[in-house]
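Worksheet: the structure to be examined is printed underneath.
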Amino acid sequence: MNPVNYLYLAALLFTIGGVGVLIRKNAIVLFMCVELMLNACNLAFVAFSRMHGNLDGQIIAFFTMVVAAAEVVVGLAIIVSLFRTRHSASVDDASLMKL
Amino acid sequence: MENLIALLVAAPLLGAVVLLCGGRRLDKVGHWIGTLLAAVSFGIGVALFADMLGRTAEDRTLTQNLYTWIPVEGFQADMAFQLDQLSMTFVLLISGVGTLIHVYSIGYMEHDERRRRFFGYLNLFVAAMLLLVLADNYLLLYFGWEGVGLASYLLIGFWQHKPSAATAAKKAFLVNRVGDIGLSIAIMLMFTTFGTFAFEPVLASVGETSEGTLTAIGLMLLLAACGKSAQVPLQSWLGDAMEGPTPVSALIHAATMVTAGVYLIVRSAAIFNGAPDAQLVVTVVGAVTLLFGAIVGCAKDDIKKALAGSTMSQIGYMILAAGLGPIGYVFAIMHLVTHGFFKAGLFLGAGSVMHGMNDEVDMRKYGGLRKYMPVTYATFGLGYLAIIGFPGLSGFFSKDMIIEAAFAKGGTEGWILGGVTLLGAGITAFYMTRVMLLTFFGEKRWQPDAGGELPHPHESPKSMTLPMVILALGSVFAGAFFEIGERFLKWLEPVTGYEHGNPPVSAMTVTAATMVVLVIGIAIAWTMYGRKPVPVVAPRGSLLTRAARKDLYQDDFNHVVLVRGGEHLTRSLVYLDHSVVDGVVNGTAASVGGLSGRLRKLQNGYARSYAVSMFGGTVVLIAATLLMRAV
Amino acid sequence: MSAVAASVSSMTSTGEAIQFWVLGTVAVIGALATILMKKAVHSALSLAGTMIILAVFYLANGAYFLGVVQVIVYTGAIMMLFLFVVMLVGVTAADSLKETIKGQRWLAALCGLGFGTLLIGGIANAGLTHFNGLGRVNSAGHIEGLAQLIFTKYVFAFEITGALLITASVGAMVLTHRERTERAATQRELAEKRVREGVQLPPLPAPGVYARHNAVDVAGLLPDGTPSELTVNRTLRARGQIRDVSSQAIDDLKALEQASSERLGREEASK
Amino acid sequence: MNFPLLTVTAAVPAVGAILTAAVPAARRTAAKWLALLFSLATLALAVLVAIRFDPSGDRYQLTESRPWIADFGVRYELGVDGIGVVLIGLTALLIPFVIAAGWHDADPLETKSTRWRPTQGFFALILLVEAMVIISFEATDVFLFYIFFEAMLIPMYFLIGGFGDRAHGGSEENAATQRSYAAVKFLLYNLVGGLIMLAAVIGLYVVAGNFSLQEIIAARAAGTLDMSTNTERLLFLGFFFAFAVKAPLWPLHTWLPNAMGESTAPVAVLITAVVDKVGTFAMLRFCLGLFPDASKWATPVILVLALISIVYGALVAVGQRDIKRLVAYASISHFGFIILGIFAMTSQGQSGATLYMVNHGLSTAALMLVAGFLISRRGSRLIADYGGVQKVAPVLAGTFLIGGLATLSLPGLAPFVSEFLVLVGTFARYPVVGIIATTGIVLAALYTLVLYQRTMTGPVKEEVRSMPDLRLREVLVVAPLIALLIGLGVYPKVLTDIVNPAVEHTMSDVKQTDPKPEVDVEAKNGEAAK
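Protein chains in written order, with UniProt numbering: chain A, 1 to 99; chain B, 1 to 631; chain C, 1 to 271; chain D, 1 to 530.
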């Protein structure tokens, strides 16, 4: 097997995550999909690291995880406070972008 | 000596500035300042005249160049004056009659709270009129030309709280402006033809251009003259202009400003001499106006309007004479001067009558005034005799000369023109006798005024009668003075040129014919107005009378065609501007707005929907990148 | 495993291939389950599964450190955080998979299809065949290699991520913290307010009263046998999760009566 | 390159604008005096520019040149020719009058208000416009010019939309709607023009490789810069469209009546007397200078449009019921004359057009400011609401009449000189056009006198009976303008001396010479002298 399959897998997961972001309304699930996309990226980084024979890819994946953690913390906090005020975690309820 | 020329203009101009900017504190002395400065101008004029008499005929033209007014590449207009015999004649007439009318106005306008301003306007007029006749180029003449138009506008509308006065003023200015188009175009033509518009070079080189150009210039100058001198077809404003105070009518609308057209034509003699077609049109205009004014004058019951018709008619004589060419120029000016005397006198007399009759202007409500206003009666009477051409008085000489010259034109033209002038003389005699009879003779037909009070006619104060007396003297003696030894002819000939015409009939025959016509005119008038009592309310009258009362329907024509037509045109243009021109603009805006409204629906406010767009955009970008690399 | 990491060839061992195909299939199924499951809890669990598989793949690719971190931090901490929030927020009506925006699902699928095709096509097109392996860089030890990079080349980025984490935690506190703007009402004041507003003065009735079930989601019955919604917890009411047992209770009663009358009748007959 | 006089002249009002805006809310009187002071300082600098300018010297003087955006060859290049000097003078001269005339126009309705600073804003915006207009007159770099040409729309937008006329027919709300409509229309109209010009500016850069007016003109004259006929025509149209909107030329004029009608009188003066002049100035400097052949190509159409502007503007003015809109349409007519003079391509026409810009500025300022004083007294813009004002306020009526007479180009007042030069210049090359344009003088008299008659004469209306005459401040605003109108009417040489050489340069740019008179009197006199 060629390790490039990992990249195909990563692309597939990324796409699934992206579609998930678009079709789900629940902010929490939406967030999970984002996490899925990030993880797919990480997988690609790791595979690239193996391909190029250096560790920079892994380092970036590591940073991605840190950022993802931070993002989840803030994002979930936003969801919680949003839920408090609106009693809903649906992103469609917050359609204030339209005048 | 020539340095004094500018002072001629400057003195009354100073007066105008001081009086108009001086404010209320000058109310007490304003009229004295105005009169004094007009008199100063007259004094300078006399001094220059004396100086001029002391020179030989060739040496009499004085020039003074103050500075270059408009210096542009290829276009040079100087603020320069030229004083020759022709200008001198006008200077004396304007400043002389002007001063007299200033004096008269002191009394006439005594009770008007805006007398200071009146004198300011009068001074402004004198300054502008002097500028007009002293200019050494057509553009500066245009300056003066419009200046007198402004003064005329201000003075006709002096009692502007009366809507009729304000309208008359506006009308006068507008009709004059139509004439000004002619003057503008004439100047432009001169500029393109000669590269200059100063009198001396233009008039000296008329021989080098085609007759067609000269005819065009001449016709344009005639248009200007028609506007200013109230000639057909631009005559309609003069009757209405009588809304102004009577001294104004005397000075501006009888003696001086309205004769500016004659000045313009005589001044441009060289151009007209080179354009016989234009000359013919000039004589025709003069002849038509002569009859037109005379007929209108016969029907008017308003004393000032009757006199206005007479003015129109007399200026018709002058224009006709000017159109005759070198045989007529001198007589045109001579009639202009004598007319200045007697018509100013007549107007001042009319003013005096109105002054005594509570500002009543309808002659049918006068009658028998000779006992109550002896001085007015005498001076008015002398003016009357002068205008109808009573032998020995001014009008006799000057008018007779024109009639002779008209016959001397020769050919059928000569006969027609001569006949018209003769007929005009007869009608003049008729309408002037009518005025005289209605005003001073017959029984009293006085009517109570608005306050229910019958007027108490009385002689006017000295300040008013004195100018009348002086003008009456002028009316009596000026003609004879000019004619003896052909003084006037010799005086003007170097400027205008002269050519003795050969009338088909002898001068004596013409004079005799004139006398006959004169007597017939008087006789008809006496039959109609002297022999039997005159009704206070005007009878319906014949068709001609009714037409003449309405200025031969000229105003109605103007109203229907120009005013109504103009109103419709303006209204439709305003509509067009709003709905079509602006409509296109607003329509564009509205359609863009509509399109935006449609596009706005894509913005549904759902973040996910936007995310799809972003995702789709990413797809497109990636595809584009791959495609680019593949290619 | 070290043999896998050390291999320089472009092909992997058969073992890894089997592992990839098996686990990769599961990972994709997990991912699909994440986005298609109706309930958030199920999504979270599917996602956790996918992540664990990814951790295995990290290990397979020689990223031992990341594989461990993935399990501990992601699956252990972050996913638990998700579950906590799901608990906190609860299950809402928004959970329904019914699409509200017209054409959204179709567009999303279309874009996803296009995107995936392009991405996979791009990768295939790139001709990535040669894999160097990590043998050389891991010669001084894997963790040491990572540590050297983090604390030299990426030291600033590392510091900044530290700052980012601090900021994030402070931000989360700020976002969720509610400042008291007024003094908390005392019990007396609350009672007075209730009297003033005329709402239910005594404590709400308990669920399950006069009923055979005494679970919290079963409404208490009124004397006529109809259920009273007041007795059920507000949250459950909002979610519509009230179990209605009233009819069943009446049926039970009828059955009881019948049974007893039968017995009584038998007794009468025996008499 | 010693003292950057031109930069300073433009910078002083800009600094003034900032300082004025910074004055605390409660000290609004101080802000007014500060603005007036800075406008007077600018005037002094403009006079200095005029003194330092040598009419017989180089074409562009007092030049400054610094690199700005080096990558695109954009330079900060300033320089003035005679036309620029005169127009800078006009701008610097009018602004103090505008400020003085608008002294109370931006006072807040409730005097105690301390938070909002409309007064400061009003005067700061006026100074800002002044700075931008001046630098537009100075710029010899096309891009630099373009930037300020467009940027001045922003302060103007706020001046029109934010400080409308308090005198209006309907309710306050209605007035606000009208005002914002006018402001938006002004902005959009000019932005569209500017957009098309931007395309042309970029096109010019593509063709010429730099933005420097002088370099491009020199290159074209030397034949080193080839521009195909079609390119030149397209670029010309792009520039001309923007300037025709700004000028404004029929049929692109409809924003002007709205803008002038809804803004306060001083702002209306600012629009028509100052800002619009940038359009006509730019036609002279950029259209003719950069695209001489295309200008000649487009001349017939432009002359027809100018003629339509003259007659149409005047006729529509006659039909107006609103004093300010009447003046606006009169201005459209006058702009027709200016454009006619520019494209007649004779020295008389172009000198006349330049003088016309100045004189129209002065005469419109006089008429419009007096009209503003009148409107502020009665609170109505409708002509029908007035009558007999002459009786109660003779000074007001007198100054109004003089303003009107200047508008109808009475000889003796400055506009006559310029109008006649334009007519003569046009007639010399296109006699028929000249004759038709001449009818404009009757129409001008018509709308002016009708306006005067309806408002000032006749019986005194009850509502105007207690109308006060001009106050000292107002007299101080109008009197110098009238003095200038008369002064320049009898002695225009002060301006023509500066303008003539610049016009000669422009004439040589377009390679035109004046038509020769049929009979050369000068030559004949010369022979006679020999």
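Glycine included, every Cβ here is placed at the ideal spot set by N, Cα and C.
Here the structure is a predicted model, which is why all the values come from computation and not from measurement.
D/T114, DSSP secondary structure in three states
For the purposes of this step, residue 114 of chain D is taken as residue 114 along the fourth sequence, with counting starting at 1. At D/T114 the pLDDT is 49, less than 50, meaning the model places this residue with poor confidence and gives no usable figure here.
Three-way DSSP call (helix, strand, coil) for B/M508 in this model
Taking the first residue of the second sequence as position 1, residue 508 of chain B is located at position 508. In the structure shown, B/M508 sits in a helix (DSSP, three-state: H, G or I).
If you draw a straight line from the C-alpha of C/A93 to the C-alpha of C/E99, how long is it?
The count along the third sequence starts at 1 and reaches residue 93 of chain C at position 93. The count along the third sequence starts at 1 and reaches residue 99 of chain C at position 99. Here C/A93 scores only 47 on pLDDT, less than 50, and its place in the model should not be relied on; the value that follows carries that caveat. Computed Cα separation, rounded: 13 angstroms.
Rounded separation between residue 648 of chain B and D/V422 - CA only:
Within the shown structure, residues of chain B are numbered from 1 to 631, placing residue 648 of chain B beyond reach of any answer.
Between the stretch 609-620 of chain B and chain C, which residues of the former have CB atoms less than 8 angstroms from a CB of the latter, in chain order?
Listed by position along the chain: S609, V612, F615, G616, T618 and V619.
Check whether D/I95 and D/S136 have beta carbons under 7 angstroms apart
The sequence position of residue 95 of chain D within the fourth sequence is 95, counting from 1. The sequence position of residue 136 of chain D within the fourth sequence is 136, counting from 1. It is not a contact, given that the beta carbons lie outside the stated cut-off.
Expressed to the nearest angstrom, what Euclidean distance is found between the alpha-carbon atoms of C/F57 and C/R180?
If you number the third sequence from 1, residue 57 of chain C lands on position 57. If you number the third sequence from 1, residue 180 of chain C lands on position 180. Separation of C/F57 and C/R180 (C-alpha to C-alpha, rounded to the nearest whole angstrom) is 49 angstroms.
If we ignore side chains and look at the alpha-carbon of each, how far apart do A/V80 and C/M79 end up?
Locating residue 80 of chain A in the first sequence gives position 80, where the first residue counts as 1. Locating residue 79 of chain C in the third sequence gives position 79, where the first residue counts as 1. C-alpha separation (whole angstroms): 16 angstroms.
With a cut-off of 7 angstroms, does the C-beta of B/T215 fall near any C-beta of chain D?
Within the second sequence, the letter at position 215 stands for residue 215 of chain B. So, not an interface residue.
Can B/L221 and B/A186 be called in contact, C-beta distance under 7 angstroms?
Residue 221 of chain B sits at position 221 when you count from the first residue of the second sequence. Residue 186 of chain B sits at position 186 when you count from the first residue of the second sequence. Yes, they are a contact pair.
Touching or not, the stretch 336-354 of chain B and the stretch 299-309 of chain B, by the rule of three or more beta carbon pairs under 8 angstroms?
Segments in contact, yes.
Secondary structure of A/N26, DSSP reduced to three states:
Start at 1 with the first residue of the first sequence, and residue 26 of chain A comes out as number 26. If DSSP states are grouped into helix, strand and coil, A/N26 belongs with the strands.
According to the Cβ coordinates, are D/G412 and D/G489 closer than 7 angstroms?
For the purposes of this step, residue 412 of chain D is taken as residue 412 along the fourth sequence, with counting starting at 1. For the purposes of this step, residue 489 of chain D is taken as residue 489 along the fourth sequence, with counting starting at 1. Contact flag set, yes.
Can you tell which of B/D180, B/F292, B/L139 and B/E110 has its C-alpha closest to the C-alpha of B/L219?
For this step, residue 219 of chain B is matched to residue 219 along the second sequence. Across the set B/D180, B/F292, B/L139 and B/E110, the C-alpha of B/D180 shows the shortest separation from the C-alpha of B/L219.
Put B/Q64 into one of helix, strand or coil per three-state DSSP.
Looking up residue 64 of chain B in the second sequence gives position 64. It is a strand residue.
Indicate whether at least one CB of chain A lies closer than 7 angstroms to the CB of C/Y58.
Against the third sequence, residue 58 of chain C aligns to sequence position 58. Yes, because at least one Cβ of chain A sits closer than 7 angstroms to the Cβ of C/Y58.
With distances taken Cα to Cα, identify the nearest neighbour of D/A314 among D/R52, D/S331, D/V304 and D/L252.
Reading the fourth sequence from its first residue, position 314 is the one you call residue 314 of chain D. Of the candidates D/R52, D/S331, D/V304 and D/L252, the one whose C-alpha sits nearest the C-alpha of D/A314 is D/S331.
For D/M1, which residues of its own chain have a beta-carbon under 7 angstroms away from its beta-carbon, when the five flanking residues on both sides are left out?
By one-based count along the fourth sequence, residue 1 of chain D stands at place 1. With a pLDDT of 49 at D/M1, under the threshold of 50, the modelled position of this residue cannot be trusted; read the value that follows with caution. The residues are E64.
Within 10 Å of its beta-carbon, does B/Q603 have 16 or more other beta-carbons around it, so buried, or fewer, so exposed?
On the second sequence, residue 603 of chain B is found 603 positions in, with the first residue counted as 1. Result: exposed.
CA-to-CA distance, A/G57 to A/F48, given in whole angstroms
If you number the first sequence from 1, residue 48 of chain A lands on position 48. If you number the first sequence from 1, residue 57 of chain A lands on position 57. Rounded to the nearest whole angstrom, the C-alpha separation of A/F48 and A/G57 is 6 angstroms.
Please report the Cβ distance between D/L451 and D/I383, rounded to the nearest whole angstrom; I am assuming they are in contact, meaning their Cβ atoms lie under 8 angstroms.
For this step, residue 451 of chain D is matched to residue 451 along the fourth sequence. For this step, residue 383 of chain D is matched to residue 383 along the fourth sequence. Sure, about 7 angstroms apart at Cβ, within 8 angstroms.
In terms of residues, what are the limits of the alpha helix (DSSP H) holding residue 638 of chain B?
Here chain B has residues from 1 to 631 only, and residue 638 of chain B is not among them.
Counting only beta-carbon atoms, is B/A623 nearer than 7 angstroms to chain A?
Position 623 of the second sequence, counted from the first residue, corresponds to residue 623 of chain B. With a threshold of 7 angstroms between beta carbons, B/A623 makes no contact with chain A.
Only counting the same chain, and skipping five residues up and downstream in sequence, which positions put a Cβ closer than 8 angstroms to that of D/F72?
Start at 1 with the first residue of the fourth sequence, and residue 72 of chain D comes out as number 72. The beta carbon of D/F72 sits closer than 8 angstroms to the beta carbons of F143, Y205 and F211 from its chain, once the five residues preceding and following it are set aside; these are given in chain order.
Cutting at 7 angstroms between CB atoms, please list the residues of its own chain near residue 561 of chain D, excluding the five before and the five after it.
Since the first residue shown for chain D is 1 and the last is 530, residue 561 of chain D is missing from the structure and cannot be characterised.
Pull the bridge partners of A/S90 from the DSSP assignment, please.
Against the first sequence, residue 90 of chain A aligns to sequence position 90. For A/S90, which the question treats as bridged, DSSP gives the partners A/N26.
Compare the C-beta of C/I78 against all C-beta atoms of chain A and say whether one is closer than 7 angstroms.
Start at 1 with the first residue of the third sequence, and residue 78 of chain C comes out as number 78. Chain A contact via Cβ: present.
Grouping DSSP H, G and I as helix and E and B as strand, with all else coil, what is B/A536?
Residue mapping note: residue 536 of chain B aligns to position 536 of the second sequence, counting from 1. Correcting the residue type first, residue 536 of chain B is Val in the shown sequence and not Ala. It is coil, neither helix nor strand.
Where C/I101 meets chain B, residues with beta-carbon distance less than 9 angstroms:
Position 101 of the third sequence holds residue 101 of chain C. Result: N604, Y606, R608, S609 and V612.
Between the stretch 100-126 of chain C and chain B, which residues of the former have CB atoms less than 7 angstroms from a CB of the latter, in chain order?
Answer set for the stretch 100-126 of chain C: I101, Q104, L107, A108, C111, G114, F115, L118 and G122.
Within the 7 angstroms Cβ cut-off, does residue 532 of chain D reach chain B?
Here chain D has residues from 1 to 530 only, and residue 532 of chain D is not among them.
Residue of A/D93, A/H87 and A/D92 minimising C-alpha distance to C/A238
Your numbering for residue 238 of chain C matches position 238 in the third sequence. Here the closest residue by C-alpha is A/H87.
Chain-ordered residues of the stretch 10-26 of chain A with a beta carbon less than 9 angstroms from chain B:
Listed in sequence order: G18, V19, V21, L22, I23, R24 and K25.
What number of angstroms, rounded off, separates the C-alpha of D/T114 from the C-alpha of D/A25?
Indexing the fourth sequence from 1 puts residue 114 of chain D at position 114. Indexing the fourth sequence from 1 puts residue 25 of chain D at position 25. In this prediction, D/T114 scores a pLDDT of 49, lower than 50, which makes its location untrustworthy; no coordinate-derived value is stated.
Name the residue from B/F441, B/G565, B/L569 and B/M468 whose alpha carbon lies nearest to the alpha carbon of B/V534.
Indexing the second sequence from 1 puts residue 534 of chain B at position 534. Ranked by how close their Cα comes to the Cα of B/V534, the residues B/F441, B/G565, B/L569 and B/M468 have B/F441 in first place.
What number of angstroms, rounded off, separates the C-alpha of C/N61 from the C-alpha of C/I242?
As a position in the third sequence, residue 61 of chain C is number 61, starting the count at 1. As a position in the third sequence, residue 242 of chain C is number 242, starting the count at 1. Distance from the CA atom of C/N61 to the CA atom of C/I242, rounded to whole angstroms, is 51 angstroms.
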